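Student:
Numbering (my numbering), first residue to last: 15 to 283.
(1) Please give me, in chain order, every unbroken run of the beta strand (DSSP E) with length at least 3 that falls completely inside the stretch 89-177.
(2) Specify the secondary structure class of residue 276 as computed by DSSP and reduced to three states.
(3) Can you pull the DSSP bridge partners for residue 65?
(4) Strictly by DSSP, which residues pair up with residue 230?
(5) By Cβ distance, which residues of its chain are closer than 7 angstroms to residue 271, with the 5 residues on each side in sequence left out?
(6) Leaving out five residues before and five after residue 88 in sequence, what residues of the same chain have Cβ atoms less than 6 angstroms from its Cβ?
(7) Could you tell me if residue 266 is buried or exposed, where buried requires 16 or more neighbouring beta carbons within 10 angstroms of its beta carbon?
(8) Look at residue 284 and residue 148 and say whether their C-beta atoms are less than 8 angstroms apart.
(9) If we ignore side chains and look at the alpha-carbon of each, how far apart do residue 65 and residue 268 end up?
(10) Would residue 110 be called buried (16 or more neighbouring beta carbons within 10 Å of its own) or exposed?
(11) Could you tell me which of 173, 180, 144 sits nearest to residue 164, measuring between CA atoms?
(12) Residue 271 by DSSP, collapsed to three states: which one?
(13) Looking at the structure shown, is residue 202 part of a helix, part of a strand, or coil, going by DSSP?
(14) Mind the definition here: the stretch 252-264 touches the stretch 217-231 only if three or more C-beta pairs lie below 8 angstroms; say whether that holds.
(15) Rounded to the nearest angstrom, what separates residue 194 and residue 255 at their Cα positions?
(16) Using the Cα positions of residue 178 and residue 215, report the straight-line distance between them to the nearest angstrom.
(17) Can you tell me where the beta strand (DSSP E) with residue 220 in it begins and where it stops?
(18) If I follow the unbroken beta strand (DSSP E) through residue 212, where does it start and stop?
(19) Classify residue 83 as helix, strand or coil using the three-state DSSP reduction.
This is the structure in structure tokens:
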């Protein structure tokens, strides 16, 4: 009788262990499947992130190439005329660059404007606007020391304008102008400062004061930054919570491109 009970207990214990083994196996399978999905998802996100980074780097390079080629082929007109101008938007949500360039298929002088508009924090739209040859010629004839390139561009008929909007928004755009004075010193102007250059003099504003520096345009430092779509979404979420963290995030995660651009032409005497 005792032997029978012992066998029954052993049989029950054996079933219990079998059930436990089955449960552990199912649990292990579930864990493996869960981790597998996580790994697949992580791999997919990583692939997507790499592709986004490639697109951003390619587009940053495209924008910087346009700006580089335009400024390298910049036309330094007679010193009695305005050569280069940076204007602030009236609502202070961006600025505009104005100058002349021969960067085109015909290598003729063309008036060009870069319009940089901040749509929201960390989202900047940039477009390149050129005038046709007739409008550019009229522009050159009317341009004087005290005239504004911005005002002329606003008055030109839209039919004479050719607008190209770049496909990705930027998170930051900075252009810094360097002037070489006649005693061979190089003076840097704060990035994106409102300024005008004509007659060998660069005039700009600093602390609500007008300052003038005599010399030649030496070079331009241009810095562009952009975020991936996923990082841009994270930035927008941070902006509503903590603007300081949003600024730190922007600096840490934005892709950056930089160029020091030297005009190839010499100023006309």
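Backbone N, C-alpha and C fix where the C-beta goes; we use that ideal spot for every residue, glycine too. From a predicted model like this one, the values you see are computed outputs, not experimental measurements.
Tutor: This is what the structure holds:
(1) 96-102, 108-115, 124-134, 137-145
(2) coil
(3) Bridge partners of residue 65: none, in fact.
(4) 194
(5) 74, 75, 78, 238
(6) 113, 115, 277
(7) exposed
(8) Residue 284 is absent from the model: the chain starts at 15 and stops at 283.
(9) 15 angstroms
(10) buried
(11) 144
(12) strand
(13) strand
(14) no
(15) 44 angstroms
(16) 31 angstroms
(17) 215-220
(18) 209-212
(19) helix
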